Amino acid sequence: MSLLWVVLSHVLSWTGLCQLLSVAGTGLGAVAAVWTVRLLGRHAWYTYRLSCFSKPHATSWLLGHLGQMQSTEEGLLQVDDLVRMYTHSCSWFIGPFYHLVRLFHPDYVKPLLMAPASITVKDELIYGHLRPWLGQSLLLLNGEEWSHRRRLLTPAFHFDILKNYIAKFNSATNTMHVRHRALCMCEQRDVNMLILCCTQPLLSVRVTACGCWICSVFQDKWCDLAAKGTTNIEMFDHVTLMTLDSLLKCAFSYNSNCQRSTSEYVSAIVELSELIIDRRQKILHHWDCIYWRTQQGKRFRKALSIVQRFTRKVVQKRRALISHQKTETDFTKAPQRKKDFVDIILLSKDEEGRGLTDEEIHAEANTFMFAGHDTTGSAICWTLYNLARHEPFQEQCREEARDLMQGRDGHELEWEDLSNLPFTTMCIRESLRLHAPVQAVTRKYTKDMTLPGERTVPKGVISLVSIYGTHHNPAVWTDPHEFQPLRFDPANTEGRASHAFIPFSSGPRNCIGQKFALAQLRVVVALTLLRFRLTPGVNPELGTSSGGVRRLPQLVLRAEGGLWVQLEPLTLHSLEELQEE
Numbered sequence: 147m148s149l150l151w152v153v154l155s156h157v158l159s160w161t162g163l164c165q166l167l168s169v170a171g172t173g174l175g176a177v178a179a180v181w182t183v184r185l186l187g188r189h190a191w192y193t194y195r196l197s198c199f200s201k202p203h204a205t206s207w208l209l210g211h212l213g214q215m216q217s218t219e220e221g222l223l224q225v226d227d228l229v230r231m232y233t234h235s236c237s238w239f240i241g242p243f244y245h246l247v248r249l250f251h252p253d254y255v256k257p258l259l260m261a262p263a264s265i266t267v268k269d270e271l272i273y274g275h276l277r278p279w280l281g282q283s284l285l286l287l288n289g290e291e292w293s294h295r296r297r298l299l300t301p302a303f304h305f306d307i308l309k310n311y312i313a314k315f316n317s318a319t320n321t322m323h324v325r326h327r328a329l330c331m332c333e334q335r336d337v338n339m340l341i342l343c344c345t346q347p348l349l350s351v352r353v354t355a356c357g358c359w360i361c362s363v364f365q366d367k368w369c370d371l372a373a374k375g376t377t378n379i380e381m382f383d384h385v386t387l388m389t390l391d392s393l394l395k396c397a398f399s400y401n402s403n404c405q406r407s408t409s410e411y412v413s414a415i416v417e418l419s420e421l422i423i424d425r426r427q428k429i430l431h432h433w434d435c436i437y438w439r440t441q442q443g444k445r446f447r448k449a450l451s452i453v454q455r456f457t458r459k460v461v462q463k464r465r466a467l468i469s470h471q472k473t474e475t476d477f478t479k480a481p482q483r484k485k486d487f488v489d490i491i492l493l494s495k496d497e498e499g500r501g502l503t504d505e506e507i508h509a510e511a512n513t514f515m516f517a518g519h520d521t522t523g524s525a526i527c528w529t530l531y532n533l534a535r536h537e538p539f540q541e542q543c544r545e546e547a548r549d550l551m552q553g554r555d556g557h558e559l560e561w562e563d564l565s566n567l568p569f570t571t572m573c574i575r576e577s578l579r580l581h582a583p584v585q586a587v588t589r590k591y592t593k594d595m596t597l598p599g600e601r602t603v604p605k606g607v608i609s610l611v612s613i614y615g616t617h618h619n620p621a622v623w624t625d626p627h628e629f630q631p632l633r634f635d636p637a638n639t640e641g642r643a644s645h646a647f648i649p650f651s652s653g654p655r656n657c658i659g660q661k662f663a664l665a666q667l668r669v670v671v672a673l674t675l676l677r678f679r680l681t682p683g684v685n686p687e688l689g690t691s692s693g694g695v696r697r698l699p700q701l702v703l704r705a706e707g708g709l710w711v712q713l714e715p716l717t718l719h720s721l722e723e724l725q726e727e
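According to the working numbering, the sequence shown is numbered sequentially starting from 147.
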């Protein structure tokens, strides 16, 4: 062995490799030293620049607040403590790597959210994990590219387009209610009635060109559930499928039947969302070189390929259909043809006549599905949960919907009805304040940003706008943890800060789909309350009623073990009355 080492050393010495390795080692050490010095110098500089902000107690001067920001109920309670202690803002750092300013007061939030898009950058720490799925979409673009894309996409959310989606919202909601009613019939142990329910349209809902629904497909499925006898419903399971169902109809004019049977595409979207949450929670998985070699990374690639294959196929077919039409008018005015999201972005052109490439359309379609199903689904679930806990408000919403539907032949909402649900809209807005789907948004800026009190956020520092903190700030809202819909009575909103209520963010980079989401919220809430009475359910995992829910802020706000409500269908007499109208 010693002889082998002597020979090897001689060869290495002879070729000069020993010296080369020595130089390389010295070079790498020097690079590491320079990198460390620069990192610590940057850390010291930002610490000095952010000294104008109060800072909570840190773990150490180097690690800072690493591990203190939790995506749990305790994490939200910690935000409550920060708001009470600092009122408007505080600084925060995660090791020497990331410096943040956390903001939770309208006066401090407004200058940042209203900053021009040209100096606003989406932070890769929070949004980077979405890029493999969403690509170069509006959500992730910056600067002039973002401005150009926003102009092209804005027509897709015009009121005239949203009107066409109302029937699709009705259709998807009706399908969900068939499932709910079938479960309720199971509790009555009346299999014959269950079969009747599953073979006749609920509440005489009209068959529309936008999507009829046939209840009989549920017959075998729900008859099998008859023995279970429960109306304790986990809302996220049902509502997520419903929102995906409606989004597929609105985005692609595609009837997935995902509420009735398994859909590979829908399952892949749900899995991608879950895997992104999992990746965020594992620090080592933040590095691509590690993540793509893990089992989760391989599952992500597999699910992503399913989603991309579906989107690519739809876009190719639609582009071919457009090319076969003589004119755009021929395409959009074909019999029973109404433009969906893909149609609109395929036909969109800028001032120079340029449209979006197929890859850009794929990115926007995927973003529409991702952002739409999660955020809208969360908002619907929490609104129904809050109304289940507050029966007087629930009954007032129900009476409002009944008055609106009085004398109707069918029981679907129309576009014009949405403006005639003022109290329901107040309840929705209060739920969005109390349980905003997205708890925070982050921004970086390419220049220093000045805030009140002569405070400055240096360029490159992450600004974390706490939607939760702003919505629960006692300096802004009286009794911020109470559900009080009358806060949003027009008579009570005078003098309120413009950025006190920001569930969809605000400013140039606000949520482009907020009108879409609010329209669907009103349709689902009104129809649900017309057909069911809601009371708090029991969480089997926690063994408590939903009154003791533990909030779970992930990509959107969820609840540990799910969000459970008890569904009680309207009496047979009431159903007959509705059917006769």
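For each residue, glycine too, the CB sits at the ideal point set by N, CA and C. Note that the structure is predicted; figures quoted are calculated from it, not measured.
Exercise. DSSP on residue 722, reduced to helix/strand/coil?
Worked result: The predicted position of residue 722 is uncertain, since its pLDDT is 43 and thus under 50; a value taken from the coordinates is nonetheless stated next. Helix at residue 722.
Exercise. Are the CB atoms of residue 712 and residue 386 nearer to each other than 8 Å?
Worked result: no
Exercise. Based on Cα-Cα distance, which residue from 531, 399 and 489 lies nearest to residue 684?
Worked result: 531
Problem set entry | Three-state secondary structure (DSSP) of residue 400 | coil
Problem set entry | First and last residue of the uninterrupted beta strand (DSSP E) at residue 245 | In the DSSP assignment, residue 245 falls within the unbroken beta strand (DSSP E) covering 244-249.
Exercise. How long is the line joining the alpha carbons of residue 301 and residue 176, rounded to whole angstroms?
Worked result: 55 Å
Exercise. Which partner residues of residue 680 appear in the DSSP bridge assignment?
Worked result: 713
Exercise. To the nearest whole angstrom, what separates the beta carbons of residue 703 and residue 524, a pair I think is in contact under 8 Å?
Worked result: 5 Å
For this session: With DSSP as the reference, please indicate the residues paired to residue 608 in a beta bridge.
Result: Answer by DSSP bridge pairing, in chain order: 246.
For this session: Quick one: give me the first and last residue of the alpha helix (DSSP H) that residue 582 is part of.
Result: First-last for residue 582: undefined, no H or E at that position.
For this session: Give a yes or no on contact between the region 271-288 and the region 482-491, applying the rule of three or more CB pairs nearer than 8 Å.
Result: No: the two stretches stay apart, fewer than three of their Cβ pairs being nearer than 8 Å.
For this session: Within the same chain, show all residues whose beta-carbon is closer than 6 Å to that of residue 460, passing over the 5 residues directly before and after it, in chain order.
Result: 398
Exercise. What residue ranges within the region 280-307 form continuous alpha helix (DSSP H) runs of no fewer than 4 residues, ordered along the chain?
Worked result: 289-299
Problem set entry | Residue closest to residue 255, alpha-carbon to alpha-carbon, out of 709, 565 and 653 | 653
For this session: Below 7 Å CB to CB, which residues in the same chain sit around residue 242 once its five sequence neighbours on both sides are set aside?
Result: 185, 186, 189 and 208
Problem set entry | Buried versus exposed call for residue 203 [16 or more other C-beta atoms within 10 Å across all chains shown] | Residue 203 is exposed by the Cβ-count criterion.
Exercise. So what does residue 266 bridge to, in DSSP terms?
Worked result: 591
Problem set entry | Cβ-Cβ distance between residue 445 and residue 430 below 8 Å | no
Exercise. From residue 199 to residue 249, what distance separates their C-alpha atoms?
Worked result: 10 Å
For this session: Keeping to the same chain, check which residues put their C-beta closer than 8 Å to that of residue 574; ignore five residues upstream and five downstream.
Result: For residue 574, same chain residues with a beta-carbon under 8 Å away, outside a window of 5 residues either side, are 525, 529, 664, 667, 668 and 671 in chain order.
Exercise. For the region 482-546, which segments carrying the beta strand (DSSP E) assignment without a break, of at least 3 residues, lie completely within its bounds, in sequence order?
Worked result: none
Problem set entry | Simplified DSSP state of residue 648, which is helix, strand or coil | coil
For this session: Please report how far the alpha carbon of residue 233 lies from the alpha carbon of residue 469, in whole angstroms.
Result: Rounded to the nearest whole angstrom, the C-alpha separation of residue 233 and residue 469 is 58 Å.
For this session: Report buried or exposed for residue 191, applying the criterion of at least 16 other Cβ atoms within 10 angstroms of its Cβ.
Result: exposed
Exercise. Given residue 657, which residues of its chain have a CB within under 7 Å of its CB, disregarding the five upstream and five downstream residues?
Worked result: 650 and 651
Exercise. Straight-line CA distance for residue 567 to residue 546?
Worked result: Looking at the backbone, the Cα of residue 567 and that of residue 546 are separated by about 7 Å.
Problem set entry | Beta carbon of residue 401 nearer than 8 Å to that of residue 409 | no
For this session: Write down the C-beta distance between residue 519 and residue 423 rounded to the nearest angstrom, noting that I regard them as a contact closer than 8 Å.
Result: Not quite, the Cβ-Cβ distance comes to about 14 Å (not below 8 Å), so this is no contact.
Problem set entry | Enclosing alpha helix (DSSP H) for residue 467 [first to last residue] | 441-470
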